[in-house]
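Enquirer: Counting with my numbering, you get residues 1 to 518 for the letters of the sequence shown.
By construction, the Cβ of each residue, glycine as well, lies at the ideal position given by its N, Cα and C atoms.
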Amino acid sequence: MLSYESMTPRQRELYDYAVQREGGYLYLDRKQIGDAEAQAIAEGLKVNTTVHTLGLYDNQIGDAGAIAIAGAFAANPKLQKLSLYDNRIGDAGARAIAEAIKGSCVWELNLQKNQIGDAGAQAIAETLDENSRLMTLTLWKNRIGDVGATAIAEALKENTTLCSLKLGENQIGDAGAQAIGEALKVNSDLTRLNLQQNQIGHAGAQAIGEALKVNTCLSKLTLYGNRIGDAGAQAIAEALKVNSSIQELDLSSTQIGDAGALALAERMVHSELAELDLGYNRIGDVGAQAIAKAIKDGATLTGLYLSHNCIGDAAVDLITEAQEIEDMPPYLTVDPQINPLAFSLLPRLATADDLQTVLCLLTSGPELQDQLAVLPALPTEIAELIMDEASYWQGVQPTKPRSLGGSYPDPRLEVTMPRSIAESSIRVKAIQLLRDWETRTNNIGDNVFDLTVRDEQGAVQYECAVQPTFVDSNLALATIWPASTPILRQMREGWQVQVRPSKAAHKVCHESLYVGYV
């Protein structure tokens, strides 16, 4: 126990504030609070038992501080809302908090933007089994993979109180999504599910689609920033034939093209959908024409978002005309559209099986067709070097491309590196930057990409201004390779790549950041 006499002046200040605070709310966000300060606040909470809402977000609290806060729960039974987002809490801290809120009155827990992995998620899942009051759980932007997601999914099969679950910006793939899909088949209380910017492909989306055929309570589903493609969109659309609960569906930036748009358009008329976000995809004129027809046929959407696709002017006009005729949806966004060339510039993604096949080919000395000769086998280290230099990506970690027309509290593009698909050490292949100008600037300094690489602790490891190449009149492209930028070889799980917007951002239609890796 930390005594008042042993506290530093800063600790005493925070302790006194926690003890004397009235009204039930204690907010100490952005106060540069670390573990030592958190321990003093925890001691104060043991005295002031009137606090029901505690906010310590955007500080520097690690596991030790989280453990101290958790230790105050027993003395403070009135605590209902706890927010520790944007700190440095890992699995040990998450375990302590999870254990502390079992059987407590806490109904809202926000641990967004920490360093919680699968072990921490498993501990929180156990809490869902035993805490009958938790209604809102936010675990955005941590390091939770399929194992952690599966544990939470298993808990959801029994939990009857959780209404909102946010697992966006983690490392959840198809296996985790499939587990969540199985949980949705039996859970009858969850109404809002956010899985944005994970690593979910069409198989995961298909599992969620199957679940939606029987789930009758989920009203908002967010999948943006995943790679579900047309097959995933078609699976979701198929579910909308019978699902009557989904009202808000976000499928933006999920690599959907015309085939997916056609399937969704067919379901718009007869579903209960109120808002549909298909922005930042690859929908062309064919998909747009189908959507325009759906609006004319009586789709009851109140919000439809189609900006940043590949829709031509004529098809855009069809949609806006349909909206005017039917007087819906009142919130329709179709401008601006993306240069179609942008989508053709990404290297193809190779699967783990592809990589193994090529490596075996290089190292086994295969026979040449119709020849007696055999190709000499390469030493493994040389074969791996060749593959390392080849222009393919096994995974891509994108941001949602950003439109710069509005006001953004944090305008950076940012990517956090996940685990590799094969659960081995990640190797960054390239960083690709795209900027689509509405009006190209003649100032060379406005064209550069200001790039920063940070390690898992947030320390800056590399900064540079990258000069792009214009692949057409308004589309700027820059690709950074390890050969010219050795820091890419050092990047690993948890490292971040950030890009500040152009100094002439008001002239930019959109820009995007992709990090390719194996």
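Where does Asn110 fall in DSSP's three states?
Expert: It is a strand residue.
Enquirer: Can you tell me the Cα-Cα spacing of Leu156 and Asp258, whole angstroms?
Expert: Whole-angstrom Cα-Cα distance: 35 Å.
Enquirer: Does the region 506-514 touch the region 452-459, meaning 3 or more C-beta pairs lie closer than 8 Å?
Expert: No, the region 452-459 is not in contact with the region 506-514.
Enquirer: Let me make sure I understand the geometry here. Which of Leu434, Asn442, Arg500, Leu488 has the alpha-carbon closest to that of Leu513?
Expert: Ranking the options by Cα distance to Leu513, first place goes to Leu434.
Enquirer: Assuming Gly173 and Ile152 form a contact by the criterion Cβ under 8 Å, report the distance between their Cβ atoms to the nearest whole angstrom.
Expert: Contact doesn't hold; Cβ gap of about 14 Å is too wide.
Enquirer: Using alpha carbons as the reference points, say which of Thr138, Gly181, Thr161 lies closest to Ala167.
Expert: The residue asked about is misnamed: residue 167 is Leu in this sequence, not Ala. Among Thr138, Gly181, Thr161, the Cα nearest to that of Leu167 is on Thr138.
Enquirer: Within a Cβ cutoff of 6 Å, which residues of the same chain sit near Val471, ignoring the five residues on either side of it in sequence?
Expert: Result list for Val471: Leu477, in chain order.
Enquirer: Taking the Cβ atom as the reference point for each residue, do Ala205 and Ala235 lie within a distance shorter than 9 Å?
Expert: Their beta carbons are under 9 Å apart, which means Ala205 touches Ala235 by this criterion.
Enquirer: In this structure, does DSSP put Thr216 in helix, strand or coil?
Expert: Coil, per DSSP.
Enquirer: Who pairs with Phe470 in a beta bridge, going by DSSP?
Expert: For Phe470, which the question treats as bridged, DSSP gives the partners Ala476.
Enquirer: Are there 16 or more other CB atoms within 10 angstroms of the CB of Trp107, so buried, or fewer, so exposed?
Expert: Flag for Trp107 reads buried.
Enquirer: Verify whether the separation of the beta carbon atoms of Ile180 and Ala207 is less than 9 Å.
Expert: The answer is yes: Cβ separation under 9 Å.
Enquirer: Which residue's Cα is closest to the Cα of Gly225: Asn243, Arg95, Ser164, Tyr280?
Expert: Measuring from the Cα of Gly225, the nearest candidate turns out to be Tyr280.
Enquirer: Mind checking which residues open and close the alpha helix (DSSP H) that includes Thr150?
Expert: Note, Thr150: alpha helix (DSSP H), 146-156.
Enquirer: Between the beta-carbon of Leu190 and the beta-carbon of Cys217, is there less than 9 Å?
Expert: For Leu190 and Cys217, yes; Cβs fall inside 9 Å.
Enquirer: Taking Gln432 as the reference, give the member of Ala377, Ile382, Pro418, Val499 with the closest Cα.
Expert: The candidate whose alpha carbon is nearest that of Gln432 is Val499.
Enquirer: Spatial neighbours of Trp495 within its chain, please: C-beta separation below 7 Å, excluding the five flanking residues on both sides.
Expert: Only Met417, Val453, Arg454, Asp455, Glu456 meet the Cβ criterion.
Enquirer: So, is Arg30 buried or exposed, given that buried needs 16 or more other C-beta atoms within 10 angstroms?
Expert: Looking at its Cβ environment, which holds fewer than 16 other Cβ atoms inside 10 Å, Arg30 is exposed.
Enquirer: Closest to Lys141 by C-alpha separation, out of Gly93, Leu193, Val415, Lys296, would be which residue?
Expert: Nearest option by C-alpha distance: Val415.
Enquirer: Closest by CA to Ala75, which one among Ala36, Cys105, Val448?
Expert: Selected option, being the one with the closest Cα: Cys105.
Enquirer: Could you check which residue in Ile283, Gln255, Leu79 has the C-alpha nearest to that of Thr49?
Expert: Thr49 has its Cα closest to that of Leu79, out of Ile283, Gln255, Leu79.
Enquirer: Quick one: Cα of Glu275 to Cα of Glu154, how far?
Expert: When rounded, the distance between both Cα atoms is 29 Å.
Enquirer: Mind reading off the beta-carbon distance from Gln467 to Val448? Whole number of angstroms is fine, and I expect it under 8 Å.
Expert: Yes, Gln467 and Val448 are in contact; Cβ-Cβ is about 6 Å, under 8 Å.
Enquirer: Work out the CA separation of Leu413 and Ala233 for me, nearest whole Å.
Expert: Going from the Cα of Ala233 to the Cα of Leu413 covers about 26 Å.
Enquirer: So if DSSP puts Lys241 in a beta bridge, which residue, or which two residues, is it bridged to?
Expert: Answer by DSSP bridge pairing: none, since Lys241 is not bridged.
Enquirer: Under 9 Å, do Gln171 and Gly145 count as touching if we go by C-beta distance?
Expert: Their beta carbons are under 9 Å apart, which means Gln171 touches Gly145 by this criterion.
Enquirer: Around the C-beta of Asp313, are 16 or more other C-beta atoms found within 10 angstroms, so that it is buried, or is it exposed?
Expert: Flag for Asp313 reads exposed.
Enquirer: How many whole angstroms separate the CB atoms of Gln337 and Ile311, which I take to be in contact at a CB cut-off of 8 Å?
Expert: Going by Cβ atoms, the distance from Gln337 to Ile311 rounds to 5 Å, so yes, they are a contact pair.
Enquirer: If we ignore side chains and look at the alpha-carbon of each, how far apart do Tyr27 and Ala40 end up?
Expert: Each residue's Cα considered, the two are about 15 Å apart.
Enquirer: To the nearest angstrom, report how far apart Thr302 and Pro330 are at their CA atoms.
Expert: Distance between the alpha carbons of Thr302 and Pro330 is about 6 Å.
Enquirer: Counting only the same chain and skipping the five closest in sequence on each side, list residues whose C-beta sits under 8 Å from that of Ile426.
Expert: Met417, Pro418, Arg419, Ser420, Met491, Arg492, Glu493, Tyr517, Val518, listed in sequence order.
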